[in-house]
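Residue numbers (this note's numbering): 3 to 524.
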């Protein structure tokens, strides 16, 4: 019987999860860095990101001596140089990194205590540790899709880690999606019991603080008179199948909207009728990229639990933490473990820290993104470029640090196969200028592999656009179609860019993009 189903033998419904694979059948899955790295590399399966940025950048410039500005991805420490959460930085060198290998039990209890307090009604024995948030996503989709042929609902399929992992473990047909409204929210308004997407799946996954669409989900998204996610999930559970809901909380620290929904409020809105699985990572919450210490917290309604889950999960938890320690020991560092414990200690014991620092960063990020009154700032700078428009112009920016833009106009050359071929030829010449023979050979091999597996007519116009833009201007952006933007045509030309760099840097890059488009489109 499924692990959580075993814990639900006092639930008010009959039946079990629609998968018979144990939630913890391979605990090291949560911390396997090779699988995480493979999944992340799979997300980079574009020429611009996986080849140009991986092979063709040395000392901050391309082989043609064009200075490169990487706007394809970013984090707060990169966009705000010198900023750090000072207390956490000091704490990361403490306690657990110095403990003997047999003394991890105390570390488990310490970490469980503070993480459990952070999640409120999630008891310590239902807390797991993962290799960052990607490790948690990997584990859940493997569990629920890997051997069952089940399906997952991913309304905001624009977040590539969820979408790619679901396809990896369940195939393209395992993913159920819904369109977005003009405001960027998943559109459940027309759902009835007849076409309820929750009835088609055995797992749902949401990112309440969305990326790359810079929004946060309002309370009505969870409860909305029959069309909120909890309403629809309850309607689907009349068949007796418990359908867990994943809530990816990693961008919650970067929401600057008024009064965002909290974990405690979400649990209350669930009204003791749903299994909720929260994902988070200290790499975002504490601005520590590279610290691959994440959390998977399983909330099960209290009147459903019997105690069986505690014994099983507790054992898995200890094995997972030991495995994580072993991995970081091999790599010469255990600071992620110390950071995980100290981060939650700080959250619970010193509420004014790091909140004050984070609040200051959030407000400065908002100012950079939308300006003082919402009509200037980086968004306005980008929108002023001829032939560029935000993909969702009606979205009120409230979260994250990215935006997706589309290139407007007819006869966009990047859709033309002969033009694609010409851009690839220019790229081959660029690779040929790489001085290091080994790196040059690796770049050619990667490009040839890509060309063998992706016919010219199927190469993404967005990827070709971003590749040519980067080669000629040095402004590197991520192809927008890699985020599977629902409601967009497959041949639209889109790019995602970081929006919280200083305004003067955005103005400089905007001038380069503008001149590039003028030469291509007139």
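Here a beta-carbon is modelled for each residue, glycine too, at the ideal position from N, C-alpha and C.
Keep in mind the model is a prediction, meaning the values are calculated, not measured.
- request: Output the distance between the C-alpha atoms of residue 400 and residue 423, rounded to the nearest integer angstrom.
  value: It is roughly 40 Å from the alpha-carbon of residue 400 to the alpha-carbon of residue 423.
task: For residue 1, collect the residues of the same chain with a Cβ closer than 6 Å to its Cβ; drop the 5 residues on either side in sequence, then sort them by chain order.
output: Given that the chain is displayed from residue 3 to residue 524, the structure contains no residue 1 and the question cannot be resolved.
query: What separation, rounded to the nearest whole angstrom, lies between the Cα atoms of residue 263 and residue 232?
result: The alpha-carbon separation between residue 263 and residue 232 amounts to approximately 15 Å.
task: Report yes if the C-beta distance between residue 224 and residue 271 is below 7 Å; otherwise report no.
output: Cβ atoms of residue 224 and residue 271: closer than 7 Å.
task: Determine the DSSP secondary structure at residue 365, reduced to helix, strand or coil.
output: In the structure shown, residue 365 sits in a helix (DSSP, three-state: H, G or I).
- request: Measure from the alpha carbon of residue 447 to the alpha carbon of each residue in 430, 458 and 478, then state which is nearest.
  value: Checked all of 430, 458 and 478; the closest Cα to residue 447 is 430.
- prompt: So does the region 513 to 520 actually touch the region 380 to 393, counting three or more Cβ pairs closer than 8 Å?
  reply: Yes, the region 513 to 520 is in contact with the region 380 to 393.
message: If contact is defined by three or more beta carbon pairs under 8 Å, each pair taking one atom from either stretch, is the region 427 to 443 in contact with the region 233 to 247?
response: Touching, no, given that fewer than three Cβ pairs across the two stretches are closer than 8 Å.
- request: Using three-state DSSP, classify residue 71 as helix, strand or coil.
  value: When secondary structure is reduced to three states using DSSP, residue 71 falls in the strand class.
task: Please state whether DSSP places residue 405 in a helix, a strand or coil.
output: Reduced to three states, the DSSP call for residue 405 is strand.
- request: Determine the burial state of residue 440: buried for a count of at least 16 other Cβ atoms within 10 Å of its Cβ, exposed for fewer.
  value: With fewer than 16 other Cβ atoms inside 10 Å of its own Cβ, residue 440 counts as exposed.
- prompt: What do you reckon, is the C-beta of residue 437 under 6 Å from a heavy atom of the ligand COA?
  reply: Because no ligand of any kind appears in the structure shown, any question about the ligand COA cannot be addressed here.
- request: Whole angstroms is fine: what's the gap from residue 126's alpha carbon to residue 175's?
  value: Going by the C-alpha atoms only, they are around 36 Å apart.
query: Residues in its own chain within less than 8 Å of residue 216 by CB, not counting five upstream and five downstream?
result: Once the five neighbours on either side are set aside, the close Cβ partners of residue 216 are 371, 397, 399, 400, 401, 402, 403, 404, 405 and 501.
field: Three-state class that DSSP yields for residue 303 in the structure shown
entry: The answer is coil: DSSP assigns residue 303 none of H, G, I, E or B.
task: Report the three-state DSSP secondary structure of residue 224 (helix, strand or coil).
output: For residue 224, the secondary structure class from DSSP, reduced to helix, strand or coil, is coil.
query: So, are the CB atoms of residue 207 and residue 248 less than 7 Å apart?
result: Cβ distance < 7 Å, so residue 207 and residue 248 count as in contact.
query: Three-state secondary structure (DSSP) at residue 386?
result: In this structure, residue 386 counts as coil in the three-state DSSP scheme.
- prompt: Within this structure, are the beta carbons of residue 298 and residue 130 separated by less than 7 Å?
  reply: Pairing residue 298 with residue 130 gives a Cβ-Cβ distance under 7 Å.
message: Starting from residue 261, trace the beta strand (DSSP E) in both directions and tell me its first and last residue.
response: Segment: none, residue 261 is in no beta strand (DSSP E) and carries neither H nor E.
- prompt: Around the Cβ of residue 368, are there at least 16 other Cβ atoms within 10 angstroms (buried) or fewer (exposed)?
  reply: Burial of residue 368 is indicated by the presence of at least 16 other C-beta atoms within 10 angstroms of its C-beta.
Burial state of residue 528 (16 or more Cβ within 10 Å): The structure shown does not extend to residue 528, since the chain spans only 3 to 524, so no value can be given for it.
task: For residue 182, write down the residues that DSSP places opposite it in a beta bridge.
output: According to DSSP, residue 182 bridges with 188.
message: Just to confirm the assignment: which complete beta strand (DSSP E) runs, minimum length 3, are found wholly within the region 474 to 508?
response: For the beta strand (DSSP E) assignment, the uninterrupted runs of no fewer than 3 residues enclosed by the region 474 to 508 are, from N- to C-terminal side, 496 to 500.
- prompt: So what does DSSP say about residue 392, is it helix, strand or coil?
  reply: Strand at residue 392.
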